[in-house]
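To keep things clear, I will list the structure first and then write my remarks on it.
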Amino acid sequence: MPDDRAVDDRAQKVIVQDVVIRYERAGFAVTAVEGLSLSVRDGEFVAVVGQSGCGKSTLLKAIDGLIPVASGYIEVDGRRVTRPGPTKAMVFQDGRLLPWRTVLGNIMLPLEGRGVPKAEAHDRAMALVERVGLTRFAKAFPNQLSGGMQQRVNLARALVVNPQVLLLDEPFAALDAQTREYMQQELLNIWERDRVTAVFVTHQIDEAIFLADRVLVLSSSPGRLRREFVIDIPRPRQLAIKRTPQFHAYEDAIWSEIGAFGGDTSGAPVQPVVTSGAVA
Amino acid sequence: MTAGLPAEAAGLPVGLAGTPSNVTVLARRRGAPRFTLQLISVVGGLSAWQLFAMSGIVPPLFLPKLSDVLVDLWNLVSTGKLNQHLLASGIEFGGGMLAALVVGIVVGIGMGASSRIDKLLVWWVSALDATPRIAFAPLLIIWFGIGLESKMVLVFISGLFPILLSTASGVRTTSRELLEMAESFSIPRLMQFRAIILPGAVPFIITGVRLGITRGLIGIVVGEMIASTQGIGWMLSNATDTFNMVRVFALIIVLAFVGVSLTTFARWLERRFDTWRAV
Chain A
0 MPDDRAVDDR AQKVIVQDVV IRYERAGFAV TAVEGLSLSV RDGEFVAVVG
50 QSGCGKSTLL KAIDGLIPVA SGYIEVDGRR VTRPGPTKAM VFQDGRLLPW
100 RTVLGNIMLP LEGRGVPKAE AHDRAMALVE RVGLTRFAKA FPNQLSGGMQ
150 QRVNLARALV VNPQVLLLDE PFAALDAQTR EYMQQELLNI WERDRVTAVF
200 VTHQIDEAIF LADRVLVLSS SPGRLRREFV IDIPRPRQLA IKRTPQFHAY
250 EDAIWSEIGA FGGDTSGAPV QPVVTSGAVA
Chain B
0 MTAGLPAEAA GLPVGLAGTP SNVTVLARRR GAPRFTLQLI SVVGGLSAWQ
50 LFAMSGIVPP LFLPKLSDVL VDLWNLVSTG KLNQHLLASG IEFGGGMLAA
100 LVVGIVVGIG MGASSRIDKL LVWWVSALDA TPRIAFAPLL IIWFGIGLES
150 KMVLVFISGL FPILLSTASG VRTTSRELLE MAESFSIPRL MQFRAIILPG
200 AVPFIITGVR LGITRGLIGI VVGEMIASTQ GIGWMLSNAT DTFNMVRVFA
250 LIIVLAFVGV SLTTFARWLE RRFDTWRAV
């Protein structure tokens with residue numbers, strides 16, 4: 000099992016150092032993340048897994064600059080993160096598309112926000128529409144799209160700004176198992192072209208292994224870095240690798256890591272891992 | 000596309016192109032008998048009116064014959080008399096509603112977006128909204144005279160509050176998730192307003208406009224009945240004073256027609272701005 004820190008001389012793109020994140024819920028101060036340190040190299044695809052409530056989404060929002068850190072610091076591209084900026088782009092779990100704008104209009108939004116001229120914004124957005132395979136639906140409204148297509152728009156809206164770091168917050172969590180697998184493959188195909196640095200938060204272990212170069216396991220309440228797994232599976236990857244013994248070995252290792260502190264003493268997966276879907 | 004996956008799994012919509020036409024066909028099929036029923040209802044009701052009035056059970060002063068009313072209506076239209084008064088009422092209504100729209104939307108946005116503005120105005124708005132607008136009519140006539148202006152102001156204050164209050168709640172209910180998304184993409188404040196907050200508030204604003212139109216219509220008729228020199232309300236009170244019941248009924252039919260037209264227009268507006276909400 001490759002589990003060591005790979006020797007890699009690529010630049011550190013994201014650095015999270017001794018970070019503590021607190022927020023208030025119903026008058027109580029909740030510590031979502033405590034003493035968390037991690038780093039992501041340029042062009043690396045990192046997945047963050049952990050149980051619900053381990054603060055993984057909170058961490059992602061902090062990297063984006065949407066929420067402040069109580070102590071420690073976060074650097075993206077060598078600069079301290081204090082607020083959202085043009086180097087980062089987020090793919091949200093729940094779409095967050097503007098229902099009154101078309102697919103194209105939604106993808107143009109971030110460009111308009113940056114004052115890109117209309118014609119240029121249109122062309123760039125259209126290129127992304129094509130890249131995520133929605134050419135026929137450029138003029139459709141979000142409510143006319145399936146969940147999978149909405150998430151393609153969501154992804155295109157993040158990619159259109161050419162981010163240095165792509166942040167993905169459980170983007171496929173609301174999709175059914177088959178669509179999810181299909182979208183995982185689509186995401187990799189799209190990602191392969193630029194290999195933009197990506198941080199992908201998920202609670203699906205198989206999704207994390209399939210997509211990522213490295214899987215970080217967080218412990219829960221408060222979130223700390225529990226362990227990291229280097230996924231030594233060559234790219235480009237196809238869904239078929241999910242059925243290989245190597246893949247299952249990764250799954251078992253990560254599951255037992257989560258089971259070791261998740262209250263499940265049996266060490267067996269707490270829930271079945273979806274790998275049995277129809278895969279070409 | 001990965002082979003062996005059904006279209007749904009591929010994230011493609013099911014029958015996107017086919018659905019709308021199917022829906023229309025269904026609606027038409029179900030709509031036909033309903034329209035017949037509506038026709039029967041209208042023709043039957045009007046016939047009953049005519050027959051009851053002809054029977055002589057009630058004196059014509061209480062209920063004139065429909066035929067007499069229609070003749071009078073025709074005379075009003077053909078002599079241009081109705082037109083002239085309708086125009087006067089229309090100017091009052093149009094001017095008042097336009098002002099109510101502009102002020103209602105602007106102040107509504109202010110109150111919805113800023114809690115400071117809201118706190119400054121909320122007492123006045125609530126108190127004025129709760130007061131029957133007709134109570135202001137005598138006052139307005141003293142202030143602005145019996146001409147068009149007093150009625151315009153009455154329409155303005157009648158239509159203003161529904162528009163203002165719905166706009167404010169529309170702005171207030173902007174999705175937090177969408178605003179967080181906008182913040183994540185560093186969308187400037189002004190553009191957040193134009194691209195997210197306002198479009199989200201449009202359905203609310205239009206609902207307010209629809210309510211405002213109805214209230215404005217009441218305002219105009221009552222205002223004109225109290226004191227004026229022209230307009231539909233003035234004709235109505237004139238006809239009542241001279242016991243011209245045929246005229247009273249003719250004018251009520253005109254008002255019903257105007258009311259239905261305006262509400263239909265508001266509904267159309269609602270649908271026009273709401274295409275993205277349609278299934």
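Taken in sequence, the protein lines are chains A and B.
Just so we're aligned, residue 0 is where the first sequence starts under numbering that gives the first Met the number 0, counting upward by one.
Just so we're aligned, residue 0 is where the second sequence starts under numbering that gives the first Met the number 0, counting upward by one.
For each residue, glycine too, the CB sits at the ideal point set by N, CA and C.
The structure displayed is predicted, hence computed values, not measured ones.
A direct Cα-to-Cα measurement between residue 54(B) and residue 42(B) gives close to 18 Å. With contacts defined as CB atoms closer than 9 Å, residue 97(A) and residue 204(B) fail to qualify as a contacting pair. Within chain A, no residue has its beta carbon less than 8 Å from that of residue 108(B); the closest one is some 17 Å off. Closest by C-alpha distance to residue 256(B), out of 35(B), 231(B), 70(B) and 192(B), is 231(B).
Minimum Cα-Cα distance from residue 96(B) among the listed residues 152(B), 83(B) and 46(B) corresponds to 152(B). Contact with chain B is found for residue 84(A), since one of that chain's Cβ atoms lies less than 9 Å from the residue's Cβ. Considered as a whole, the stretch 219-257 of chain A harbours 223-229 as its complete beta strand (DSSP E) runs of no fewer than 3 residues, in chain order. Here DSSP, grouped into helix, strand and coil, assigns residue 33(B) to helix. In this structure, residue 47(A) keeps its C-beta atom at 9 Å or more from the C-beta atom of residue 65(A). Following the DSSP letters along the chain, one finds residue 153(B) in no beta strand (DSSP E) but inside the alpha helix (DSSP H) bounded by residues 147-171. Under the DSSP definition of a beta bridge, residue 189(B) lacks any partner. With fewer than 16 other CB atoms across the displayed protein chains lying within 10 angstroms of its CB, residue 129(A) is exposed. Note: residue 217(A) is bridge-paired with 224(A) in the DSSP secondary-structure output.
When the beta-carbon positions are compared, residue 227(A) and residue 37(A) come within less than 9 Å of each other. Fewer than three pairs of CB atoms, one per stretch, sit closer than 8 Å, so the stretch 134-145 of chain A makes no contact with the stretch 72-86 of chain A.
Residue contact with chain B for residue 190(A): absent (no Cβ-Cβ distance below 9 Å to any residue of chain B). The DSSP assignment places complete alpha helix (DSSP H) segments of no fewer than 4 residues inside the stretch 186-245 of chain B at 188-191, 197-225 and 231-240, in order along the chain. With respect to chain A, the C-beta atom of residue 177(B) has a partner C-beta closer than 9 Å. Excluding the 5 residues flanking it on each side, residue 221(B) has same chain C-beta neighbours closer than 6 Å at 133, in chain order. For residue 91(A), the C-beta contacts it makes with chain B under 7 Å involve 180, in order along the chain. Distance check between residue 235(B) and each of 33(B), 81(B) and 137(B) places 81(B) closest, using alpha-carbon atoms only. Neighbours of residue 233(A) across chain B, judged by C-beta separation under 9 Å, do not exist; the nearest C-beta is about 19 Å away.
Sequence-distant Cβ neighbours of residue 23(A) in its own chain, meaning closer than 8 Å and more than five residues away, are 29. With a beta-carbon spacing of about 17 Å, residue 172(B) and residue 103(B) fall beyond the 8 Å limit used to define contacts. With respect to the C-alpha of residue 208(B), the residue from 149(B), 75(B), 263(B) and 74(B) having the closest C-alpha is 263(B). Of all alpha-carbon atoms in 225(A), 231(A), 238(A) and 240(A), the one lying nearest the alpha-carbon of residue 53(A) is that of 225(A). Across the structure, residue 137(B) and residue 224(B) are spaced so that their CA atoms are roughly 11 Å apart. Under the three-state reduction of DSSP, residue 196(A) is assigned to strand.
Excluding its 5 nearest sequence neighbours in each direction, residue 60(B) has C-beta neighbours in its own chain below 7 Å: 242 and 244, listed in chain order. In this structure the stretch 233-253 of chain A touches the stretch 206-218 of chain A; the number of beta carbon pairs closer than 8 Å is three or more. With respect to residue 201(A), residue 155(A) sits apart: the two C-beta atoms are not nearer than 9 Å. For residue 58(B), no CB of chain A lies under 9 Å from its own CB, so it is not counted at the interface with that chain. In the three-state DSSP reduction, residue 24(A) falls in the strand class (E or B). Per DSSP, the unbroken beta strand (DSSP E) holding residue 73(A) starts and ends at 70-75. Between residue 20(A) and residue 31(A), the C-beta gap is smaller than 9 Å, which places the two residues in contact. Counting along the chain, the unbroken beta strand (DSSP E) around residue 87(A) starts and ends at 87-90.
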